[in-house]
Structures are given as structure tokens and as C-alpha cells.
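Asker: I am attaching a structure below and will ask some questions about it afterwards.
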Amino acid sequence: MQSFLAACAAAIAIAVIAGYVLDSTVQRPSSSAYTTTGAEPRS
Amino acid sequence: MTMLLALGRSAIAALALAVLASIAVPASAQQPTQVNPTASSVKEDQLFRQMTRIDGRISIPDAKEGVLIQPAGQSWRQFHEVTLPWIGAIAILGMLALLVIFYLTRGMVRIERGRSGRTIMRFNAFERFVHWLTATCFIVLAISGLNITFGRQILMPILGPNGFASWSQYAKYAHNYLSFPFTLGVVLILLMWIAWALPNRTDVEWLKQGGGLVGNKHPPAARFNAGQKIMFWLVVLGGAAAAISGYLLMFPFYATDVEGMQTAQMVHGIVAVIFVAVMLAHIYIGTIGMEGAFESMGTGDVDLNWAKQHHPIWVEQEMAQSRGASQGAPAE
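Sequence lines, in order, name chains A and B.
The opening position of the first sequence corresponds to residue 8 in the working numbering, with each subsequent residue numbered one higher.
The opening position of the second sequence corresponds to residue 3 in the working numbering, with each subsequent residue numbered one higher.
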């Protein structure tokens, strides 16, 4: 049971870290990824 | 005046001759010998046969957007809208039906000598942790993945369009991000158990006797029997195929073009539904299919009679090891 709970906690932790790393470094919103700089919408 | 009339008659006659000649010439002779892709009379399928894709020049940075039509996309759409759901339904429902039939005919595989009351450690805490890390991620990945293939038909009528959209959005997040601990689990499984998963002669005998599932014989096995070794390689190779194709999809066009993305999606879909079907069999034999089996991943300790029945060679090895350890230990 302890192994199962530890595995669930580890899975969630790794997933959250992976999501944070991807969102902050690799992924870009489509509004900036697929537009020219001249047409890029600014907020 | 007479001359003018004669000229007029000649002109009318020439025009009539020209009209007659154009009618008399066979229709095929009027067509160009090769299909002109730009002609309005060309049919769509003719056009697709002539051209691998229809594209043009664009000014935005994403050059892929210049592809207007990629005919192979039609085959791909047919695959993920029709073929894949059929493969998935047959594989998963077929496996469920087989397991139900097997349970009704064979029943639970019992510990023949009953429980001894003595236990032996089958898997240590780290092995169980890695197993559950991979297993829990796989269950979420399977549910969220099947949602992509079957959710619109099955869940959307229940949840409604808005509810289904919200559920699918979070399911996709879970699918993407839980792929990382799942992949880590598959790598750890490979490193942790490969030494016990290499085939040997006892596997041939185990397979010949149906692994003890068919009939009442219990062929000898070491730590892993041939069925578990097959499961190990299915998890490792299937997990690798699902992970590689999945990451190609998660990072679109980083390493492939449109055709590569389509191939990755096809591989991912087929491997995933077969993976789910195989895991249903694994879950069955680890729970209701075999008495005492779940304990190996529950507490880590199994009953000695269970171990002797299913893995007698492994029990002998463990006993010999503990005898050697006790003989080598200093006297107190």
C-alpha cells in the first residue's frame, strides 16, 4: 500500500514538473508560434 | 450585289462545314492526352493521383501552412475515424469476452496445497513502487487515450458537448504529462527485471504445458515464467513504441513532417489499443484469475505454497541463497 501511494505521489510530482518545464521552456502559444512578428497580437 | 451574295453563301457554307467537322471529330480527340490539373473538368480523384500534394507559397513563418491539400490525409482520416475504432473495439472487447469465458470455464487458479502460513518476499519495495508508478500512469493514459478514439461516440451523449469538451481537455493534459512518469517506469522496469526476463529452456516446457492455466499441471519456472517474460517484453517494447510515437505527436513537426505525424498517430493508436487489451489479461491473472498472486505486488510477500506451485526453481534458488548466507554468517 505504501509503495502504491508513493508511486501515485511520484507520478503526480513528475507530471507537474514536466508540465511546468514544458510550458515555461518549450511550448509557445499558437498566437506567437504561427504568426509573423508584424502580425503578432499584443495584449 | 451578286458577288456579295456569293461571298455570303460561301461564308455560311464554310461555317457550316466547320460546325459539322467539329461534331464529326470524336470527343476523345478533343481532350488533351494528359490530365490538366488546373482544368475545371478534372475530377478530384484524378487530381490527387496526379499530384502528391497541392501547395503554394505563403508569407507566414509556418511553411507547412502552405500545403492546401495532402491526399494521404484522407487515408489517415479513414484510419482514425473508422479503422482504429474497429481494431480497438475488437481487441478490447474481444479480450474481455475471452477473459469472461476463461474465468467461467477455468475459474480462479487455486493454491492446491492451501496456504502454508509462511511467506517469502517476491518483490521488494522499490520493485513494487516502479510497478505501481507504471501501472497507475498506464491506467490514466489508457482511459484518456481511449477517450480520444471512443469518447465522442460514448461519452458526449452522456456529458453533453460542453461537459465532454472540458473532460477531454483535462484528460489530454493528464495524457501528455503522465506520459513522463510512465516512460520513466518502463525504463526502470527494463533495467530492473531484464536479468530475469531473458528466455531459457524452462520457458519452452512452460509454454508446452500451457503455463498451468490449461489443465492442472504446474510447469516449473524460475523467478519469472514464460508468460511473465512475454508480458515484460510487451511492456518494454510496446511502451517504447507508444512513448516514441507519442512524443512525436506531443512535439508536432519537431522531428517529422505531415506524413510522419500521420504514421506516428497510426502506430500510437494501434500499439495503445493492443497494449490495453494485453494489460486487461495481466490485471485478470494478477487479481481474480489466480489466488495469492496480487499479494506479490500488494505486500510484496507471497505464500510459500503459492511460490512452490508457480515458481519452484526460484524458491529453490532463494532457499539455497539464504542457507548459504546463514552458513557464512559468524556465530554469535
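For glycine and all other residues, C-beta sits at the position ideal for the given N, C-alpha and C.
Predicted model, so just to flag it, every value in this text is computed and none were measured.
Against chain A, with Cβ distances strictly below 8 Å, would Pro183 (chain B) count as a contact?
Answerer: Taking Cβ atoms only, chain A reaches closer than 8 Å to Pro183 (chain B), which makes this a yes.
Asker: Taking its Cβ as the centre, do 16 or more other Cβ atoms sit within 10 Å of Met339 (chain B), making it buried, or is it exposed?
Answerer: Because chain B in this structure spans residues 3 to 334, residue 339 (chain B) falls outside the shown range and cannot be described.
Asker: What does the alpha-carbon distance come out to for the pair Gln9 (chain A) and Ala22 (chain A)?
Answerer: 20 Å
Asker: Mapping DSSP to helix, strand and coil, what is Leu70 (chain B)?
Answerer: Assignment of Leu70 (chain B) by DSSP, reduced to helix, strand and coil, places it in the strand class.
Asker: Closest Cβ-Cβ distance between Ser10 (chain A) and chain B: below 8 Å?
Answerer: At least one C-beta of chain B is nearer than 8 Å to the C-beta of Ser10 (chain A).
Asker: Is there at least one Cβ from chain A nearer than 8 Å to Leu192 (chain B)'s Cβ?
Answerer: no
Asker: Helix, strand or coil: how does DSSP classify Ile56 (chain B) here?
Answerer: strand
Asker: Does any CB atom of chain A fall closer than 8 Å to the CB of Phe296 (chain B)?
Answerer: no
Asker: Considering Cα atoms alone, identify which of B:Ile150, B:Gln264 and B:Phe128 is closest to Gln76 (chain B).
Answerer: B:Gln264
Asker: Of all the options A:Ser39, A:Ala25, A:Ser37 and A:Ala40, which has the alpha carbon lying nearest to the alpha carbon of His177 (chain B)?
Answerer: A:Ala25
Asker: Work out the CA separation of Ala244 (chain B) and Val273 (chain B) for me, nearest whole Å.
Answerer: When only Cα atoms are considered, Val273 (chain B) and Ala244 (chain B) end up about 6 Å apart.
Asker: With a threshold of 16 other CB atoms inside 10 Å of the CB of Glu207 (chain B), please say whether the residue is buried or exposed.
Answerer: Of the other Cβ atoms in all chains shown, fewer than 16 fall within 10 Å of the Cβ of Glu207 (chain B); this residue is therefore exposed.
Asker: Does Glu83 (chain B) pass the burial test, meaning 16 or more other C-beta atoms within 10 Å, or should it be called exposed?
Answerer: exposed
Asker: What residue range does the beta strand (DSSP E) around Val84 (chain B) cover?
Answerer: Unbroken run through Val84 (chain B): none, as it is neither H nor E.
Asker: The alpha helix (DSSP H) spanning Val237 (chain B) covers which residue range?
Answerer: Run containing Val237 (chain B): Ala228 to Met252, per the alpha helix (DSSP H) assignment.
Asker: Can you give me the start and stop residues for the beta strand (DSSP E) that Asp303 (chain B) sits inside?
Answerer: Asp303 to Asp305
Asker: To which residues of the same chain is Glu261 (chain B) closer than 7 Å at the C-beta, ignoring the five residues directly before and after it?
Answerer: Ala74
Asker: Answer with yes or no whether the minimum CB distance from Leu180 (chain B) to chain A is below 8 Å.
Answerer: yes
Asker: In whole angstroms, give me the CA-to-CA distance for Gly96 (chain B) and Trp134 (chain B).
Answerer: 26 Å
Asker: At the 8 Å Cβ level, is Ala245 (chain B) part of the contact set with chain A, yes or no?
Answerer: no
Asker: So, under 8 Å CB-CB, Pro221 (chain B) and Gly229 (chain B) are touching, yes? Tell me the CB distance rounded to an integer number of Å.
Answerer: Contact flag wrong, Cβ pair sits at about 10 Å.
Asker: With DSSP as the reference, label Ile62 (chain B) as helix, strand or coil.
Answerer: coil
Asker: My output table needs one value for Ile113 (chain B): the three-state DSSP class, helix, strand or coil.
Answerer: In this structure, Ile113 (chain B) counts as coil in the three-state DSSP scheme.
Asker: Return the CA-CA distance between Ser247 (chain B) and Leu143 (chain B), expressed in angstroms with no decimal places.
Answerer: Taking the straight line joining both Cα atoms gives about 14 Å.
Asker: Are the beta-carbon atoms of Asn126 (chain B) and Gly294 (chain B) separated by less than 8 Å?
Answerer: no
Asker: Nearest CA to the CA of Ile196 (chain B): which residue from B:Leu101, B:Gly165, B:Val238 and B:Pro163?
Answerer: B:Val238 is the residue among B:Leu101, B:Gly165, B:Val238 and B:Pro163 whose C-alpha sits nearest the C-alpha of Ile196 (chain B).
Asker: Over the uninterrupted alpha helix (DSSP H) stretch that includes Ile156 (chain B), give me the two end residues.
Answerer: Run containing Ile156 (chain B): Ala127 to Ile156, per the alpha helix (DSSP H) assignment.
Asker: Check each candidate in B:Lys231, B:Ala279, B:Gly240 and B:Ala223 and name the one with the smallest Cα separation from Val317 (chain B).
Answerer: B:Ala223
Asker: Taking just the CA atoms, how far does Arg59 (chain B) sit from Val188 (chain B)?
Answerer: 44 Å
Asker: Name the one or two DSSP bridge partners that Thr265 (chain B) has.
Answerer: Note: Thr265 (chain B) sits in no beta bridge, so no partner.
Asker: I need the straight-line Cα distance from Gly268 (chain B) to Lys210 (chain B), nearest angstrom please.
Answerer: Note on residue identity: the sequence assigns Met, not Gly, to residue 268 (chain B). If I take the Cα positions, the gap works out to 35 Å.
Asker: Could you tell me if Ala309 (chain B) is buried or exposed, where buried requires 16 or more neighbouring beta carbons within 10 angstroms of its beta carbon?
Answerer: buried
Asker: Examine chain A for any beta-carbon lying closer than 8 Å to the beta-carbon of Trp169 (chain B), and answer yes or no.
Answerer: no
Asker: Give the interface partners of Phe131 (chain B) over in chain A, defined as CB-CB distance under 7 Å, in chain order.
Answerer: Ser10, Ala13 and Ala14
Asker: For Leu186 (chain B), which residues in chain A fall below 7 Å Cβ to Cβ?
Answerer: Simply Ile21.
Asker: Once you ignore the five residues that flank Pro87 (chain B) on each side, which residues in its own chain have a CB closer than 6 Å to its CB?
Answerer: Thr151
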